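In this note's numbering, the protein residues as written are 2 to 306.
The beta carbon of each residue, even a glycine, is placed where N, CA and C say it ideally should be.
The model shown is predicted, which means the values in this text are computed figures rather than measured ones.
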Amino acid sequence: MVSSVDAGAYEFNPKDYVHRGINTRFFMAIIGVLPAFLTLGYFAFYVPQAFVILVLYIFFVVAVVWFLLELMRAVLIGNSVRVGPGNFPEINNILEEIKRKIRYSKDIEIYIVENGSVNMFLCRFFRTKFIVINSAFVESCETSKNYKDIEWSIARFVGYMKVKRDHYFPIIDELMGAIKKVPLFNLFILPYERCIVYSGDQIGLAVCGSLEGSIVGLGKLLIGKTLYTKVTNDTFINQANRLNGSVFAKIARFFSEFPFLTDRYLNLVAFSREIYRDQYQSYIKSHDINSDFLLYALENRHCSW
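This is the structure in structure tokens:
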């Protein structure tokens, strides 16, 4: 991992910004997938009829998921606005620049919807990849003419997909997705999934180059574009400290595919403290954060387990 960013001498490499525990967690995830491969191998050699039925079932499930995602995309095309050179060119340029910088060549579509239960989410399945953004999120960027938060939000998704693509073929990803729903086996895979989310956040920060924009983006995802201004850094820190001492929080984390947003906040701050030291210091001063209180939270933070 690089210790500082020198734009003149360093070519951006997303691998330099992934979570430091990603490879260990990946090997754990492979252990969780191995029984599935061994089972398929057993059926292929010893029970070929059952193997054929199993393969047909897998193809059926894949076809159903693909059909549902394509159906969702058709609904989006009919009820939303797709980002492109003629529609929201600023966001389109941000997406293309992120893909170029991260070196992600697959097609990604962005749709902006008027209403939604969340501010932004990603849908992906083999070649189908699209990001859905709530119009209120976009409106807040258009009003302020500051797109750093939406740049971080998009870059974290692209970084997330880049990390997965660099680790394995899509079929293994889908197999992991299926095993995540199987008790016990999923405990090998969930730490890796949480690590990828952290990695996506870190890559997003490295791409947009703004700790302020990254945390604003995280705040908007947490509570929306209007109310996020009422959420202070002390709120994140206090809640994170409460969770760090809770047995129930540890259990909830253990069985969750996604890290808590408070953990993601602390991870972003810790990452900036290591990579973007000047921004970290500036952020603390500009937001009047108690540095000792923050350091205590960072030292006791939950990282990926």
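If you follow the alpha helix (DSSP H) that Y281 is in, where does it begin and where does it stop? Counting from 1 along the sequence shown, the entry for residue 281 is found at position 280. R278 to S287 is the extent of the alpha helix (DSSP H) around Y281.
Requested in this report: Look at the alpha carbon of L77 and the alpha carbon of L35, and state the distance between them as a whole number of angstroms.
Outcome: Position 76 of the sequence shown, counted from the first residue, corresponds to residue 77. Position 34 of the sequence shown, counted from the first residue, corresponds to residue 35. Between L77 and L35, the C-alpha separation is close to 37 Å.
Next item on the list: Compare the Cα-Cα distances from K102 to each of R254, G214 and I204 and report the closest residue.
Entry: Within the sequence shown, residue 102 is the residue found at index 101, counting from 1. Among R254, G214 and I204, the Cα nearest to that of K102 belongs to I204.
request  = Kindly identify the DSSP beta-bridge partner or partners of M121.
outcome  = In the sequence shown, residue 121 corresponds to position 120, counting from 1. DSSP output for M121 lists I134 as bridge partner(s).
| said: Measuring alpha carbon to alpha carbon, tell me which residue in L188, Y199, E194 and I134 is nearest K226. | reply: If you number the sequence shown from 1, residue 226 lands on position 225. It is I134.
* Asked: If you draw a straight line from the alpha carbon of L55 to that of A64, how long is it in whole angstroms?
  -> Mapped onto the sequence shown, residue 55 falls at position 54. Mapped onto the sequence shown, residue 64 falls at position 63. So the two alpha carbons sit approximately 14 Å from each other.
Inter-residue Cα distance where the pair is R26 and I290: Mapped onto the sequence shown, residue 26 falls at position 25. Mapped onto the sequence shown, residue 290 falls at position 289. Answer to the nearest angstrom: the Cα atoms are 33 Å apart.
Next item on the list: Determine whether the Cβ of S273 lies closer than 8 Å to any Cβ atom of chain C.
Entry: Among the chains of the structure shown, chain C does not appear; only one protein chain is present.
Practice item. Put I290 into one of helix, strand or coil per three-state DSSP. Key: Along the sequence shown, read from residue 1 onward, the residue named residue 290 stands at position 289. Residue state, collapsed to three classes: coil.
Can you tell me where the beta strand (DSSP E) with Y229 in it begins and where it stops?
Counting from 1 along the sequence shown, the entry for residue 229 is found at position 228. It is not in any beta strand (DSSP E) - Y229 carries neither H nor E in the DSSP assignment.
(message) Would you call the stretch 221-238 in contact with the stretch 45-54, where contact means no fewer than 3 C-beta pairs closer than 8 Å?
(response) no
**Proximal residues to N242 (C-beta, below 8 Å), its chain only, five neighbours per side dropped** = Here residue 242 is taken as the residue at index 241 of the sequence shown, counted from 1. Y297, A298 and N301.
Put Y18 into one of helix, strand or coil per three-state DSSP. For the purposes of this step, residue 18 is taken as residue 17 along the sequence shown, with counting starting at 1. Three-state result, Y18: helix.
Q: Measure from the alpha carbon of Y112 to the alpha carbon of each residue in K100, S106 and P90, then state which is nearest.
A: Within the sequence shown, numbered from 1, the residue matching residue 112 stands at position 111. It is P90 whose Cα lies nearest to the Cα of Y112.
Which whole-angstrom value describes the C-beta separation of K165 and I197, a residue pair presumed to lie in contact below a C-beta threshold of 8 Å? The count along the sequence shown starts at 1 and reaches residue 165 at position 164. The count along the sequence shown starts at 1 and reaches residue 197 at position 196. Indeed, because the Cβ distance is near 6 Å, the residues count as touching under 8 Å.
Bridge partner(s) assigned by DSSP for V114
Residue numbering aside, residue 114 sits at position 113 when the sequence shown is read from its first letter. Answer is N135.
Proximal residues to E258 (C-beta, below 8 Å), its chain only, five neighbours per side dropped
As a working mapping, residue 258 is identified with position 257 in the sequence shown. K181, L191, E194 and R195, listed in sequence order.
Original post:
Could you check where the alpha helix (DSSP H) with L35 kicks off and where it finishes?
Top reply: Here residue 35 refers to the residue found at position 34 when the sequence shown is read from its first residue. Taken as a continuous stretch (DSSP letters only), the alpha helix (DSSP H) holding L35 covers I23 to Y47.
Three-state secondary structure assigned by DSSP to V82: Taking the sequence shown and counting its residues from 1, one reaches residue 82 at position 81. Three-state DSSP puts V82 in a strand.
* Just the Cα atoms here: how many angstroms apart are R311 and R83? -> For the chain, the structure presents residues 2 to 306; residue 311 sits outside this window and is missing.
Original post:
Rounded to whole angstroms, how far is the Cβ of V114 from the Cβ of S136, which I believe are closer than 8 Å?
Top reply: Taking the first residue of the sequence shown as position 1, residue 114 is located at position 113. Taking the first residue of the sequence shown as position 1, residue 136 is located at position 135. Indeed they touch by this definition, with Cβ atoms about 6 Å apart.
Practice task
Could you name the residues of the same chain whose beta carbon sits closer than 8 Å to that of S292, not counting the 5 residues immediately before and after it, in chain order?
Solution key: Along the sequence shown, one-based indexing puts residue 292 at 291. Closer than 8 Å at the Cβ level, and outside the excluded window around S292, lie I285.
- Query: By how many angstroms is the C-alpha of I32 removed from the C-alpha of L39?
  - Reply: Mapped onto the sequence shown, residue 39 falls at position 38. Mapped onto the sequence shown, residue 32 falls at position 31. Looking at the two C-alpha atoms, the distance is approximately 11 Å.
message: Quick check: the Cα distance between E143 and I151, rounded to an integer number of angstroms?
response: As a working mapping, residue 143 is identified with position 142 in the sequence shown. As a working mapping, residue 151 is identified with position 150 in the sequence shown. Roughly 10 Å between the two C-alpha positions.
Problem - Best match in G218, S283 and I276 for proximity to L262 [C-alpha to C-alpha] - result: By one-based count along the sequence shown, residue 262 stands at place 261. It is G218 whose Cα lies nearest to the Cα of L262.
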